[in-house]
Every structure is written in C-alpha cells, then in structure tokens.
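Quick note, my numbering runs 1 ahead of the 1-based positions in the sequence shown. Have a look at the structure below, then the notes.
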Amino acid sequence: FPFSVYAWREATTVPHVVATTPTIGARDVSPDLDKLEVRFSEKMSRSSWSWCGGGSEFPELRDRPYFADDYTAVLPVKLSPQKSYKLSINCPSGQNFLSAAGQPAEITRFRFTTESGSQFPIADAYNHASLQEVRRLMDDVYSYRDRLGIDWNAEFDSNQEWLLSAPEPQEWGARLVTVLTKAQDIHLYLRDQNGNRLSTWSSPASVNANFEAVKAHFQDLTVHNSLVWSWKNDAFGYLAIHSWDNSEGRIDVIQDILMEMKDLPILIVDVRANGGGDETEAKRVASWFVSGNKVYAKSRYRNLESESGWTDDIPRYISGNASNRSFPGEVFVLQGPACFSSNEAFLLMMKLGKNTTRMGEASGGSSANPRSFDLPNGMKIIIPRWQSLRPDGTMIEGEGIQPDIVFTANYRYSDPLLNEVLSRIGD
2 FPFSVYAWRE ATTVPHVVAT TPTIGARDVS PDLDKLEVRF SEKMSRSSWS
52 WCGGGSEFPE LRDRPYFADD YTAVLPVKLS PQKSYKLSIN CPSGQNFLSA
102 AGQPAEITRF RFTTESGSQF PIADAYNHAS LQEVRRLMDD VYSYRDRLGI
152 DWNAEFDSNQ EWLLSAPEPQ EWGARLVTVL TKAQDIHLYL RDQNGNRLST
202 WSSPASVNAN FEAVKAHFQD LTVHNSLVWS WKNDAFGYLA IHSWDNSEGR
252 IDVIQDILME MKDLPILIVD VRANGGGDET EAKRVASWFV SGNKVYAKSR
302 YRNLESESGW TDDIPRYISG NASNRSFPGE VFVLQGPACF SSNEAFLLMM
352 KLGKNTTRMG EASGGSSANP RSFDLPNGMK IIIPRWQSLR PDGTMIEGEG
402 IQPDIVFTAN YRYSDPLLNE VLSRIGD
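As structure tokens, this is what we get:
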C-alpha cells in the first residue's frame, strides 16, 4: 500500500566487523587461547566498548578489555576445554563500540567452541534420545521449518557427532542452539535444568527511540511502573506501553488511563520498545480505537494429517468497545523494529482504527505461539507452533508490519520520531 517516507541518516559510515580471532563459528579453538580479538572496518574510539553477553556461555575474563590499535579490540579471557561460548559485539542495550566519528558498530554475534585436547567421550544415551526428539519436533511441530529453505535433516546429520560428543546436557544444549541459529527465530530456544534460557537467535534490531529525550520533553511524565508511562494536557495525551505481559497486573492501569484520556482530541501511543506478551491484553487496549467486529489477523498450525500439512487459516477477531469506552479522537501509534509477536498483532489491530496513523519503521517480524517440550536429558526446547498471518493470508515472519508513514532517523541524541509527531499536532 502507498505510504509516505521521511528519511534522515548520518553521512558517517557504520563500522562493521571484518575479522575475529578465533573465527566466528570455529569448533576447534584451543582452550589455551588467552584473548579474543575483533578487527573493525573503521577507525574506532578506543575509550569504550560493549562486549555483550553473560551467564555460563560468556568467557571468563582475565583482565579489562582494551584496544590493541585503532581498529582492533581485545578481550582477555580464560577458556575451558570442550565448551561453547557466545557473546556479541554491541547489542540492542549496549552500543559503545563506536567509530572515531561516533557511529555505533553493527551488532555482530560471536560464537565458538573449544576443543577437548583428548578423545571425545562416548555419547550419552539421554543426549542421543534428546536429539532424536528435537529432530521429530522440528519436522512435526515447528511452524517455520521451511521458511528459509533449510534442510534440517542435513543440518542435524552433519552436526550429529559434534552434538553427541558433548560431555553433559548443558554443553549439548549450547551446541544445539548453535545449529538452530540458522532458523533466525527469536521464539525458538532452549531452557536448561535450572530454567535458564539458551537463545538460538537475538534480533540485531535496536529500539528506534530515545526515552531520555521523551522524559525530558514530558517533564511531569507519570511512570506508573516499568511497563506503562503516561502524560496529558488539554491538547493531547501520551501513553507508552513497553510490554503486553500482564502476569503481575502492571498494565491493568492502562484502562484507567484511557478512561481519563478518552475525551482528548489527540493521543500518542508509543509501543516502540514493546516486544510482545499477551495478545489478549493488546486486544483490550486496541478495542478502544476500533469499531465493530473485524478480522485483524489469521493463523495456522502444522497438521500432518492434512494434504497441505497445515490447518485451515483461522481468523482472529477484534470487537470495538461501547461508545463510553472508546477514543474517537486522532491517534498516532509509534512503532519500530523492536516490536515483535503480540505487539505486531496490536499494530494490525490499530490498522483498523477509526482515525489512526502508525508511524516509524517496520516491526521485527516474529510471532510464535510457542510450546515447551521436555527432553530426556532434562533440557526443554521451546518451539513456535503457528504461522501468524495478515488478514489477506500473507505471513508476517521475517517481514514485519509496515507503518502508514515510514520514518527513519538517528536516536542517539534526541527522539526525532516523537518530534515529528509533535510538529504535526502543533506542539
């Protein structure tokens, strides 16, 4: 559909990783290696860095990070044998690898495995049974198995010896997530025996917002809790919703806020930092802005008994509230690449709004309705079960939801998207 475009970019070049020691993805790294090195394409600021990660998969540090020269960052480490490591060069929450011109480096994931130095142990029977179960689930349940054209049987066959040689379930899981990384699916992951998440993929997208600038503009902003902020005067209101997870009741306050704001002429709804949660909660809010009963999305599940391998497309409906619980004014929805899952459903709901304009960048494009499956070795695998679809039946995964008005900008020092909306409403 047609949409207007507002674009602004710095002239500086985005630095990216051109070489690493060890090589990303290496499986034969000596445990005696005492430092990781990353070389960038641009001259870098040598006063800051973001080696992102944590937990058991992050290398133990021997000393502080440093730069060997203007292009090469060094992380002194102490590695263990026969272990998989995972970290990231910059990440959505840490952008301190900067070029000399102040441009954040492109986010790069860095995985590798150390060698054992001795003969691999005989594969544990529980790990073998767990791998067979994972293969079955990927074939029978995983809704995005074929999205990227990956031959999963070939992937498991080629990696089987490496997976089964893992000395214990935690390392088996760390190796398996390396294989599953190819799916590029944030909703496909493992949990270990202690409930810790082992992610296969982390979106490189960062939030297209500067919330310090937001707070500076709305100086008497009400921070109801970490998930909900609001502000209003007689001319318009601002409502930020950072998650649809209402497990602790923290977003119930939104209903009271909307009741207080329903007679305002304009409302800004900011969901740029919202990565999803409970779609039912998203629907409770969107019902203030739509009328009638409408299909906002569809979904389908794997069904091996059907000829197509899928269920029929299942419509998902939203019904607007009664007039005393509706917002008839103009609405601006702020969205971006950190919007996922149930929040993308919210964007589709708001597309049906009576007087709504969605502005920003395309959403992240990932929805799952996942289910957790227990594996024989004590690990759990969480697998997406549905394909989330637009009302016309096209798939959202990997594509996202486009806004009505595309707006790209640099948010390092200000919030240009908020400023653009404020200029449109005359504030």
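Think of the CB as a built atom: it goes at the ideal place given N, C-alpha and C, for glycine as much as any other residue. From a predicted model like this one, the values you see are computed outputs, not experimental measurements.
> Around the C-beta of Ile-397, are 16 or more other C-beta atoms found within 10 angstroms, so that it is buried, or is it exposed?
Replying inline: Taking the first residue of the sequence shown as 1, we reach residue 397 at position 396. Buried, by the Cβ-count rule.
> Does the Cβ of Lys-284 have 16 or more other Cβ atoms within 10 Å, making it buried, or fewer, making it exposed?
Replying inline: Numbered from 1 along the sequence shown, position 283 holds the residue referred to as residue 284. That one is buried.
> Between which two residues does the beta strand (DSSP E) carrying Asn-154 extend?
Replying inline: The count along the sequence shown starts at 1 and reaches residue 154 at position 153. Run containing Asn-154: none in the beta strand (DSSP E); it sits in the alpha helix (DSSP H), 153-165.
> Roughly how many angstroms separate the alpha carbons of Ser-131 and Val-15, rounded to a whole number?
Replying inline: Within the sequence shown, residue 131 is the residue found at index 130, counting from 1. Within the sequence shown, residue 15 is the residue found at index 14, counting from 1. About 42 Å.
>> Quick check: what's the CA-CA separation for Thr-24 versus Arg-110?
In response: For the purposes of this step, residue 24 is taken as the residue at position 23 of the sequence shown. For the purposes of this step, residue 110 is taken as the residue at position 109 of the sequence shown. One C-alpha to the other measures close to 12 Å.
>> So, under 8 Å CB-CB, Tyr-145 and Pro-385 are touching, yes? Tell me the CB distance rounded to an integer number of Å.
In response: Reading the sequence shown from its first residue, position 144 is the one you call residue 145. Reading the sequence shown from its first residue, position 384 is the one you call residue 385. Confirmed, Cβ separation roughly 6 Å.
> DSSP three-state call for Asp-314: helix, strand or coil?
Replying inline: The residue labelled residue 314 in the question sits at position 313 within the sequence shown. Three-state result, Asp-314: coil.
> Beta carbon of Asn-97, beta carbon of Ser-49: below 7 Å?
Replying inline: Here residue 97 corresponds to residue number 96 of the sequence shown, with the count starting at 1. Here residue 49 corresponds to residue number 48 of the sequence shown, with the count starting at 1. Yes, the Cβ-Cβ distance between Asn-97 and Ser-49 is below 7 Å.
> What does DSSP give as the partner residues of Met-396 in its beta bridges?
Replying inline: By one-based count along the sequence shown, residue 396 stands at place 395. Paired residue(s): Leu-390.
>> Run through the DSSP bridge pairs and tell me what Leu-76 is partnered with.
In response: Taking the sequence shown and counting its residues from 1, one reaches residue 76 at position 75. Leu-37, per the DSSP bridge assignment.
>> When you compare the CB positions of Leu-353 and Lys-295, do they come within less than 7 Å of one another, or not?
In response: For the purposes of this step, residue 353 is taken as residue 352 along the sequence shown, with counting starting at 1. For the purposes of this step, residue 295 is taken as residue 294 along the sequence shown, with counting starting at 1. Closer than 7 Å, so yes.
> Rounded to the nearest angstrom, how far is the Cβ of Asp-271 from that of Ala-241, given a contact under 8 Å?
Replying inline: For the purposes of this step, residue 271 is taken as residue 270 along the sequence shown, with counting starting at 1. For the purposes of this step, residue 241 is taken as residue 240 along the sequence shown, with counting starting at 1. That pair is a contact at about 4 Å.
> Glu-61 by DSSP, collapsed to three states: which one?
Replying inline: By 1-based counting over the sequence shown, the position of residue 61 is 60. Three-state DSSP puts Glu-61 in a strand.
> Would Ile-267 be called buried (16 or more neighbouring beta carbons within 10 Å of its own) or exposed?
Replying inline: Reading the sequence shown from its first residue, position 266 is the one you call residue 267. Taking all protein chains in view, the Cβ of Ile-267 is crowded by 16 or more other Cβ atoms within 10 Å, so the residue is classified as buried.
> What span of residues does the beta strand (DSSP E) with Ser-300 cover, start to end?
Replying inline: Along the sequence shown, read from residue 1 onward, the residue named residue 300 stands at position 299. Start and end: 294-302.
> Which residues mark the beginning and the end of the alpha helix (DSSP H) in which Met-380 is found?
Replying inline: In the sequence shown, counting from the first residue as 1, residue 380 sits at position 379. Counting along the chain, Met-380 falls outside any alpha helix (DSSP H), and DSSP gives it neither H nor E.
>> Please report the distance separating the alpha-carbon of Val-215 from that of Gly-250.
In response: Residue mapping note: residue 215 aligns to position 214 of the sequence shown, counting from 1. Residue mapping note: residue 250 aligns to position 249 of the sequence shown, counting from 1. Using only the alpha carbons, I get a separation of about 25 Å.
>> Looking at the secondary structure, which residues open and close the alpha helix (DSSP H) in which Glu-421 lies?
In response: If you number the sequence shown from 1, residue 421 lands on position 420. 417-425 is the span of the alpha helix (DSSP H), which, as asked, contains Glu-421.
>> I'd like the span of the alpha helix (DSSP H) that includes Tyr-127, first residue to last.
In response: Translated into positions along the sequence shown, residue 127 becomes position 126. 126-141 is the extent of the alpha helix (DSSP H) around Tyr-127.
>> By the DSSP assignment, the alpha helix (DSSP H) with Glu-345 in it spans what residues?
In response: The residue labelled residue 345 in the question sits at position 344 within the sequence shown. 343-351 is the extent of the alpha helix (DSSP H) around Glu-345.
>> Rounded to whole angstroms, what is the Cα-Cα separation between Ala-106 and Cys-53?
In response: Here residue 106 corresponds to residue number 105 of the sequence shown, with the count starting at 1. Here residue 53 corresponds to residue number 52 of the sequence shown, with the count starting at 1. Rounded to the nearest angstrom, the two C-alpha atoms are 13 Å apart.
> Mind checking Gly-365: buried by the 16 CB within 10 Å criterion, or exposed?
Replying inline: Stepping through the sequence shown from its first residue, residue 365 is reached at position 364. Taking all protein chains shown into account, Gly-365 has 16 or more neighbouring C-beta atoms within 10 Å of its C-beta and is therefore buried.
>> What residue range does the beta strand (DSSP E) around Ala-20 cover?
In response: If you number the sequence shown from 1, residue 20 lands on position 19. Run containing Ala-20: 18-22, per the beta strand (DSSP E) assignment.
>> Here's the rule: buried if 16 or more other CB atoms are within 10 angstroms of the residue's CB, otherwise exposed. What is Tyr-67?
In response: The residue you call residue 67 lines up with position 66 of the sequence shown. Burial call: exposed.
> Between the Cα of Tyr-414 and the Cα atoms of Leu-88, Tyr-86, Gln-104, which residue gives the shortest distance?
Replying inline: The sequence position of residue 414 within the sequence shown is 413, counting from 1. For the residues Leu-88, Tyr-86, Gln-104, the minimum Cα distance to Tyr-414 belongs to Gln-104.
> From which residue to which residue does the alpha helix (DSSP H) around Asp-446 run?
Replying inline: Not covered by the structure: residue 446. The range shown for the chain is 2 to 428.
>> Using the three-state DSSP reduction, which class does Val-224 fall into: helix, strand or coil?
In response: On the sequence shown, residue 224 is found 223 positions in, with the first residue counted as 1. Val-224: strand per DSSP, three-state reduction.
> Which residues in the same chain have their Cβ closer than 6 Å to the Cβ of Gly-95, if we skip the five residues on either side of it in sequence?
Replying inline: In the sequence shown, residue 95 corresponds to position 94, counting from 1. Once the five neighbours on either side are set aside, the close Cβ partners of Gly-95 are Ser-51, Cys-53.
> Excluding five sequence neighbours on each side, which residues of the same chain lie with their C-beta closer than 6 Å to the C-beta of Met-350?
Replying inline: By one-based count along the sequence shown, residue 350 stands at place 349. Here the set comprises Ala-287, Tyr-297, Ile-319.
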